[in-house]
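Everything below concerns the one structure shown next.
2 protein chains.
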Amino acid sequence: MSKGAPTLEDVARVAGVSRATVSRVVNGTRNVDPELQETVRSAIEQTGYTPNRVARSLVTRRTGTVALVISGAGGGSDVFTDPFFGRVTAGVVDFLRAQRVHPVLMLADSDHARTEVVEFLRQGSADGALLVTTHSADPLPARLVEAGVPAVLYARPGRPMPVSYVDMDHRAGGRMAADHLVAAGRTNIATISGPLDVPASQDRLAGFRDAMARHGFPYVPTAEGGFTAESGGAAMERLLAEYPDVDAVFAANDLMAQAAVYLLQAHGLRIPDDVAVIGFDDSSPALACRPQLTTVRQPVEDMAAAMAYLLLESLEKPGQRPKSVIFEPELVVRASA
Amino acid sequence: MSKGAPTLEDVARVAGVSRATVSRVVNGTRNVDPELQETVRSAIEQTGYTPNRVARSLVTRRTGTVALVISGAGGGSDVFTDPFFGRVTAGVVDFLRAQRVHPVLMLADSDHARTEVVEFLRQGSADGALLVTTHSADPLPARLVEAGVPAVLYARPGRPMPVSYVDMDHRAGGRMAADHLVAAGRTNIATISGPLDVPASQDRLAGFRDAMARHGFPYVPTAEGGFTAESGGAAMERLLAEYPDVDAVFAANDLMAQAAVYLLQAHGLRIPDDVAVIGFDDSSPALACRPQLTTVRQPVEDMAAAMAYLLLESLEKPGQRPKSVIFEPELVVRASA
DNA sequence: GAGCGCTCTTACAACGTTGTAAAAACGAAG
DNA sequence: CTTCGTTTTTACAACGTTGTAAGAGCGCTC
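Chains A and B are the protein sequences, given in the same order.
Number 322 in full-length UniProt numbering belongs to position 322 of the first sequence; there are no gaps in the numbering.
Number 87 in full-length UniProt numbering belongs to position 87 of the second sequence; there are no gaps in the numbering.
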């Protein structure tokens with residue numbers, strides 16, 4: 001008892017049958033006499049048997065585990081305090097739980113770390129990878145595909161490659177922000193974009209600009225941010241210096257929008273009276289901000305769940321061609337615009 | 001190539017030696033002729049061999065994986081948006097990475113889920129558990145100890161039991177807040193406590209009250225919150241209704257402190273001029289809040305890393321008696337008090 | 001009562017690794 | 001030229017499970 005855990009062998013001995021029969025009872029396969037089934041079941045009870053997952057994995061070639069990889073995001077482990085990743089994690093965990101699959105958390109913020117991730121998957125420690133990557137130049141997606149590892153990406157890959165992904169219509173999101181600000185009668189509208197090497201940032205900006213142009217505003221003052229609060233404040237500062245009469249700002253995520261709000265307030269400007277601010281994501285900062293942020297909602301949890309679904313599906317029936325699922329954004333109107 | 005991954009057998013065949021020799025080269029054991037070592041190494045290169053981790057685990061009885069369990073926290077998966085858990089995750093991941101150990105994320109928010117966690121560990125899917133639990137009545141710690149699973153807790157267990165844990169001197173933290181407010185000349189001081197069934201909440205409150213009493217304030221108006229923004233706002237509302245002349249508030253975490261600040265501002269009160277507010281944790285809301293929060297810093301990342309360290313140590317040499325590591329808080333003075 | 005088709009059960013060989021005991025190689029010493 | 005240590009290598013048995021092919025039991029029919 002104290003040393004080795006009870007094994008199939010032990011249960012078989014107690015029940016007076018062979019290992020294979022016990023195995024079939026445990027796995028619910030047909031063709032076991034009900035009476036004998038009961039005997040086995042009570043023997044399991046009696047010995048306190050639990051199937052050894054590692055041994056099972058060795059023969060089934062499945063671990064019941066997937067890697068949740070957060071890649072590219074610069075500064076290492078502070079990504080976990082970004083509400084966006086928290087929502088991704090929540091969505092993934094929530095979905096996987098029901099399928100009895102467990103996520104192992106991996107950070108791929110260096111070339112060394114990326115190699116480790118690929119090794120980990122190739123070693124069969126996990127059945128596949130869920131990859132959340134921000135940088136479009138991230139080499140990890142390509143390396144995983146190359147290594148033949150089942151993978152699903154959050155966001156379209158930088159270069160086209162045969163891999164499944166979920167994404168959102170970021171252009172539509174940008175368009176919604178523009179439409180709302182123009183409809184509210186704003187005329188001096190600027191924007192704080194995300195990092196321009198991130199496809200999602202490009203799309204949000206492009207969608208915003210296109211819609212603005214359609215409304216008769218051919219040029220939109222733009223400052224590039226880095227999706228962090230600091231960068232958002234700095235970008236707002238630059239915009240304000242160059243365009244003091246700005247009366248509306250669209251920021252490419254809530255963290256930057258919140259920082260912009262605070263910076264504008266520090267300059268004595270009232271939100272939304274003097275300047276309207278729209279964020280993007282609808283994550284916790286949108287609610288924590290005063291005034292609360294009007295924002296373009298990205299259904300992160302649903303997207304994360306869809307990502308997990310696509311991965312499990314591809315594990316179930318391998319050899320299918322990659323799929324993509326695109327979500328629609330939604331404008332959430334609160335107090336800031 | 002396409003089907004089965006290369007195995008030790010394959011490498012051995014190519015190198016013209018036995019499996020055991022290859023194994024010894026891979027694991028860096030002594031007693032392999034340097035020349036042969038080179039041959040084997042190039043055979044590994046040539047075949048693209050990667051050791052199968054599952055097979056290895058089966059014989060070594062170690063998986064190189066630990067469970068990171070978030071337990072008790074009521075509402076399910078929205079815990080991941082709580083900056084506190086983000087910091088715990090960051091600290092754990094950061095430390096484990098260097099040891100080549102990977103964390104599996106698990107939520108234990110129901111009795112069913114708790115059983116699954118225990119099963120998971122008993123099945124040998126992970127070598128041990130890192131348990132972050134808030135509720136003192138959480139049955140999971142006891143069940144893990146009972147099952148003989150190596151585990152380390154974040155925070156002292158509700159009932160005494162033989163298990164290692166890391167914690168902070170919450171009383172000292174409460175004391176620091178009281179000292180600071182009194183030194184600033186505040187006289188109508190109230191507090192928003194955390195849930196009173198959480199030991200950490202009790203300690204913060206007790207430390208605060210003791211210090212207040214020592215400063216000549218025998219009674220401190222108290223409202224109980226639930227560590228969420230909503231509960232913090234509601235608690236502040238109650239305090240304000242009953243003690244309209246309050247001029248300082250100590251909240252048991254930053255999320256509630258931030259909500260208190262916003263609620264006071266909504267009532268036309270200025271922070272810190274009319275009311276001083278102190279938070280607890282020094283997590284991201286402390287910086288996001290306007291004015292930025294004065295707060296009692298809890299070194300969460302360090303504590304999480306220490307937790308991981310204790311677990312790995314106990315896996316290394318089993319049978320040691322449990323250990324505890326207690327951290328000291330630190331007052332971070334910003335604008336709110 | 002031999003032969004046939006069922007259903008249910010059992011041996012046995014994987015899966016890919018590690019650890020151990022035995023064998024081989026090789027010098028050095030007697 | 002044996003004999004005895006070392007070192008290096010090998011064969012083989014684990015580890016705990018699953019899947020498959022063979023076997024046992026049993027009621028039929030002819």
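We put the beta carbon where it would ideally sit given N, CA and C, even for glycine.
Computed from a prediction, not measured in an experiment: that's the story for all the values here.
**OP:** Give me the Cα-Cα distance between A:E316 and B:S164, rounded to the nearest whole angstrom.
**Re:** 40 Å
Subject >> Closest by C-alpha distance to A:A108, when choosing among B:R114, B:R97, B:A113 and B:E116 >> reply: B:R97
**OP:** For A:H112, count neighbouring Cβ atoms within 10 angstroms of its own Cβ and tell me buried if that reaches 16, exposed if not.
**Re:** exposed
Original post:
Taking Cβ positions only, does B:S336 come closer than 8 Å to chain A?
Top reply: no
**OP:** Using a threshold of 8 Å, state whether the C-beta atoms of B:L105 and B:L68 are closer than that.
**Re:** yes
Original post:
Are the C-beta of A:L58 and some C-beta of chain B separated by less than 8 Å?
Top reply: yes
Original post:
Helix, strand or coil for A:L68 per DSSP?
Top reply: strand
Original post:
How about B:Y309: is its C-beta nearer than 8 Å to some C-beta of chain A?
Top reply: no
Subject >> Residues within the segment 114–144 of chain A neighbouring chain B, beta-carbon criterion of under 7 Å >> reply: E119, R122, Q123, G124 and S125
Original post:
Can you tell me whether A:N52 is buried or exposed, with buried defined as 16 or more other CB within 10 angstroms of its CB?
Top reply: buried
**OP:** Run down chain A in chain order and give the residues with a C-beta less than 7 Å from the C-beta of B:M236.
**Re:** Residues of chain A passing the Cβ test: none, with the nearest at roughly 14 Å.
Original post:
Beta-carbon of A:P51 versus every beta-carbon of chain B: anything under 8 Å?
Top reply: yes
Original post:
If we ignore side chains and look at the alpha-carbon of each, how far apart do B:E224 and B:L121 end up?
Top reply: 36 Å
**OP:** Mind listing the chain B neighbours of A:Y262? Cutoff is C-beta to C-beta under 9 Å, in chain order.
**Re:** A288 and R290
Original post:
Do you know offhand how far B:R143's Cα is from B:V92's?
Top reply: 23 Å
Original post:
Given that a residue counts as buried once 16 or more other Cβ atoms are within 10 Å of its Cβ, and exposed if not, what is B:Y262?
Top reply: buried
Original post:
For A:D179, which residues of its own chain have a beta-carbon under 7 Å away from its beta-carbon, when the five flanking residues on both sides are left out?
Top reply: A211
Subject >> Sub-8 Å separation of A:A126 and A:T187 beta-carbons >> reply: no
Original post:
In the segment 212–253 of chain A, which residue ranges form an unbroken alpha helix (DSSP H) of at least 4 residues, counting only runs that do not cross its ends?
Top reply: 229–242
Original post:
Given a threshold of 16 other Cβ atoms within 10 Å of its Cβ, counted over all protein chains shown, does A:Q258 qualify as buried or as exposed?
Top reply: buried
**OP:** Using a Cβ cut-off of 8 Å (strictly closer), state whether A:F80 contacts chain B.
**Re:** yes
Subject >> Simplified DSSP state of B:M176, which is helix, strand or coil >> reply: helix
Subject >> Proximity test, Cβ basis, 8 Å: residue 340 of chain A and chain B >> reply: This structure leaves residue 340 of chain A out entirely; chain A is present only between 1 and 337.
**OP:** Out of A:R114, A:A151, A:S136 and A:F208, state which residue places its alpha-carbon closest to the alpha-carbon of A:P322.
**Re:** A:A151
Original post:
For A:E45, does the count of other Cβ atoms within 10 angstroms reach 16, so buried, or fall short, so exposed?
Top reply: exposed
**OP:** Tell me whether the beta-carbon of B:A260 lies closer than 8 Å to the beta-carbon of B:G233.
**Re:** yes
Original post:
Are A:G226 and A:P199 closer than 8 Å when you measure CB to CB?
Top reply: no
Original post:
Is any beta-carbon of chain B found at less than 8 Å from that of A:L315?
Top reply: no
**OP:** Would you grab the beta carbon distance between A:P291 and A:S231 for me? Rounded to a whole angstrom, and I think it's under 8 Å.
**Re:** Wrong, their Cβ atoms sit about 22 Å apart, outside the cutoff.
**OP:** Could you confirm whether any beta carbon from chain A is found closer than 8 Å to the beta carbon of B:P160?
**Re:** no
Original post:
If we ignore side chains and look at the alpha-carbon of each, how far apart do A:E9 and A:V145 end up?
Top reply: 41 Å
Original post:
Does the beta-carbon distance from A:F208 to A:A177 come in below 8 Å?
Top reply: yes
Subject >> Interface flag, B:L105 vs chain A, CB-CB below 8 Å >> reply: yes
Subject >> Three-state secondary structure (DSSP) of A:S23 >> reply: helix
Original post:
From what residue to what residue does the alpha helix (DSSP H) around A:S57 run?
Top reply: R53 to T60
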